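**Q** Protein chains in written order, with our numbering: chain A, 156 to 410; chain B, 31 to 343. Glycine is no exception: its CB is placed at the ideal position from the N, C-alpha and C atoms. All values derive from a computational prediction rather than experimental measurement.
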Amino acid sequence: MLLTGRVEAKKRLGPYHYLRVRLPQAISPLEAGHFALLETPAPEAILLRPFSLFDFEEGESPWIAFLFQRAGKGTEALASVGVGRQLRVIVPLGTPFPLPHGGEEVLLLAGGVGIAPLFPLARRLSRGGLSIRLLWGARSPDGLPYPLLRSLRRWGVEVAVATEDGGLGHRGLVTELLQDQLPSRGVLYLCGPEGMIREALSALPPKGVRSFVSLEERMACGVGACLGCAVKTREGYRLLCSEGPVLPGEVLQWR
Amino acid sequence: MEVDLRVEIGPLHLQNPVMPAAGTFGYGDEYMGIVDPRDFGALVTKSLSLDPTEGNPPPRLWEVPGGLINSIGLENIGVEAFIQQKLPFLRELGVPLIVSFFGQDPEDYARCAERLSEALGIAALEANLSCPNVKKGGMAFGSDPALTHRVVEGIKGATDLPLLVKLPPDPYHALELARAAQEAGAEALTLVNTLPALAVDPDRGRPRLGGITGGLSGPALKPVALRIVYQVSGALPIPVIGVGGIRDHRDAIEFVLAGATAVQVGTATFSDPRAIPKVIDGLRSYLREHGLSSLADIRGKLHEAQVEAPAEG
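1) My understanding is that G58(B) touches L120(B), with C-beta atoms under 8 Å, so please give their C-beta distance in whole angstroms.
2) Given a cut-off of 8 Å on the beta-carbon distance, is the pair K196(B) and L246(B) in contact?
3) Use the C-beta contact count for G274(B): other C-beta atoms within 10 angstroms, 16 or more gives buried, fewer gives exposed.
4) Report the rounded CA-to-CA distance for A271(A) versus Q114(B), giving the unit in angstroms.
5) Chain A partners of L91(B), CB-CB under 9 Å?
6) Could you tell me whether any Cβ in chain B is nearer than 8 Å to the Cβ of E199(A)?
7) Looking only at DSSP bridge pairs, what is K196(B) linked to?
8) Distance cutoff 8 Å, beta carbons only. Does V268(A) sit that close to anything in chain B?
9) Could you please tell me which residues of the segment 66-87 of chain B, in chain order, have their CB closer than 9 Å to any CB of chain A?
10) G167(B) to C142(B), Cα distance in whole Å?
11) Are the segment 299-315 of chain A and the segment 237-257 of chain A touching, with three or more C-beta to C-beta distances below 8 Å?
12) What is the residue span of the beta strand (DSSP E) that I271(B) lies within?
13) Would you say N86(B) and G108(B) are within 8 Å of each other, going by their C-beta atoms?
14) How long is the line joining the alpha carbons of P232(B) and A226(A), rounded to whole angstroms?
15) Does the beta-carbon of A24(B) have 16 or more other beta-carbons within 10 angstroms, so that it is buried, or is it exposed?
16) Cα separation between P118(B) and V314(A)?
17) So what does Y344(A) bridge to, in DSSP terms?
18) Just to confirm my understanding: we take G296(B), look at its own chain, exclude 5 residues before and 5 after, and list those with CB closer than 6 Å. What are they?
19) So F274(A) is in the alpha helix (DSSP H); what residue range does that whole segment cover?
20) Have a look at R36(B), A208(B) and P126(B) and flag the residue whose alpha-carbon is nearest the alpha-carbon of S173(B).
21) Using the three-state DSSP reduction, which class does G167(B) fall into: helix, strand or coil?
22) Can you check the segment 82-169 of chain B for any alpha helix (DSSP H) of at least 4 residues that lies completely inside it and give the ranges in chain order?
23) Out of G321(A), C376(A) and L202(A), which one is the CA nearest neighbour of P4(B)?
24) Is H333(B) helix, strand or coil by DSSP?
25) Going straight from the alpha carbon of P15(B) to that of G312(B), what length do you get?
26) Within the 8 Å Cβ cut-off, does V378(A) reach chain B?
27) Run through the segment 304-351 of chain A for me and flag every whole beta strand (DSSP E) of 3 or more residues, listed as ranges in chain order.
28) Determine which residues of the segment 227-253 of chain A have a Cβ less than 7 Å from any Cβ of chain B, and write them out in chain order.
29) Under the assumption that G324(A) contacts T318(A) (Cβ atoms under 8 Å), give the Cβ distance between them as a whole number of angstroms.
30) Among G56(B), L42(B) and P41(B), which residue has its Cα nearest to the Cα of G383(A)?
31) Going along the segment 97-117 of chain B in order, which residues come within less than 7 Å of chain A, judged by CB to CB distance?
32) Helix, strand or coil: which one does DSSP assign to G343(B)?
33) Where in the segment 222-255 of chain A do unbroken runs of the beta strand (DSSP E), each at least 3 residues long, occur, reported from the N-terminal end onward?
34) How should R373(A) be labelled, buried or exposed, when 16 other C-beta atoms within 10 angstroms of its C-beta is the threshold for buried?
35) Since D302(B) meets chain A, which of its residues come closer than 9 Å, beta carbon to beta carbon?
36) Can you find the residues in the same chain that come closer than 7 Å, C-beta to C-beta, to G40(B), ignoring five residues on each side of it along the sequence?
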């Protein structure tokens, strides 16, 4: 749905930016893994920018929130956008994370700002009564903002962290925590840098653990019309906007 | 005053002169629920080939100041799948359907046109003779007047549908190419396609796009497109559909003043999916505000000015 939202709140969370956008009307059910295309106030920007839903409220006064880091002109402009600013937004887009089957253990793996789509998934699953474990890594402790860790723990999520500088938790890469945590039967949800995803997927046992990755690619239309956001998979090109952004790990193919 | 946005492009009668540019509105069903194509003057599909085309490796998009470079590589599901899976829905929409297509060689173009004209519900074809992102089936045909003539003639021999021919933004040969397409029987020209372009990552020493080069669209292309529309429409009677960087109705009016009968909106749809209906509404308001009854009142008005067309380079 194409809407005009209004920036309602923004704050820094460590190296990340949090942006909450009030929506003018109720929209169809939002789920973890969905994304939105958001207008950026950069004067040069041509395209809307895709962001995973980091948080959202449905019902009569709905809003959606994003967690992002500065990566270019669009995100720089969004980082300094004023509260009250109206922004065009198309939401919800994409296909959300598939839910675990009964009896599957659930493990989440996030690298840095890759926590964004996994945050609402962790909440959803833990409120559903599942015991959830999250491995979250960053370069340094500021990449693991305390307010987010606190929320996760409050929901009952068992969180283990890793930092490359050793400032918090395991010293090293978050994937090094994976070895001891991998279930024999379960589902792994992940989002983060390509290196982390590749390492994690290669660590999976040949059978028993399903994996779902939230991916990122440059995007234009968001609805499957322009074919701009194709990623190479073992089954040919897949569009991240309409067939993703969540894809099963086993179909991914790296360039 | 009652304003009338209806236009005729050869045998095509449209309720208004605004349509999407090929490739920016998919096969017409993707944007349902976000924007209603029934309001458009026509619906133009993604370019189709006889066989499905896989397209170029990612990344396929790179934004630059004032524009967008794409390297989609004409990925499409192929004519048969289009006819089976997409056409029934498009037929039901009731908006005039213009199917864009391309081939690997002149015979391939003709076969593709022939197969499409066997299907019901297509109002016109648009031959893409100018995609910069494939080696064949693109630029090579649209940059050579003799080859353009041959391809268009072959298509016209294979279909009774009205034919639009989409040409590249080649300011030095636009008129020759346009003339070749007109003489070979094209009913209208779509001017222009994207401009071949390259973006480089200076840190990694690599191209930004998986297909290495791409096609530039968006506002940066508009002045180039306008000049070609102006030049061709001033010299030839064939109707011209202007396309290149149109974001709002004022941009569209510029193309009409330069001589365009209709316009296509492409990249702007990505920034605002309601760009096309906004252009249509804006044109209506513009006519009212200026006391005009139709766009024909101002079409090609630039040619009345004492401006000499530049010599052909």
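**A** According to the structure shown:
1) 5 Å
2) no
3) buried
4) 40 Å
5) L202, E372, R373, M374, A375, C381, G383 and C384
6) yes
7) N158(B) and T220(B)
8) no
9) K76, E84, G85, N86 and P87
10) In this predicted model, G167(B) has a pLDDT of only 49, less than 50, meaning its place in the structure is not dependable; the value taken from the coordinates is given anyway. Approximately 12 Å, taken between the alpha carbons.
11) no
12) V270 to V273
13) no
14) 16 Å
15) As displayed, chain B neither begins before 31 nor continues past 343, which places residue 24(B) out of reach and without an answer.
16) 51 Å
17) L263(A) and F367(A)
18) A51, T54 and S247
19) I270 to R282
20) A208(B)
21) Only weak support exists for where G167(B) lies, its pLDDT of 49 falling under 50; the value from the coordinates is given anyway. Of the three classes helix, strand and coil, the one that applies to G167(B) here is coil, per DSSP.
22) 117-123 and 136-148
23) The displayed coordinates of chain B run from 31 to 343. Any statement about residue 4(B) would go beyond what the structure contains.
24) helix
25) Examination of residue 15(B) is not possible in this model, given that chain B is present from 31 through 343 alone.
26) yes
27) 313-318 and 341-346
28) R243 and I245
29) 6 Å
30) G56(B)
31) G97, L98, N100, I102 and E105
32) With a pLDDT of only 47 at G343(B), under 50, the local geometry of the prediction cannot be trusted, and the value read off the model is given with reservation. In the structure shown, G343(B) sits in coil (DSSP, three-state: anything other than H, G, I, E or B).
33) 241-248
34) buried
35) L157, E194, L203 and R243
36) P192, E217, A218 and P269
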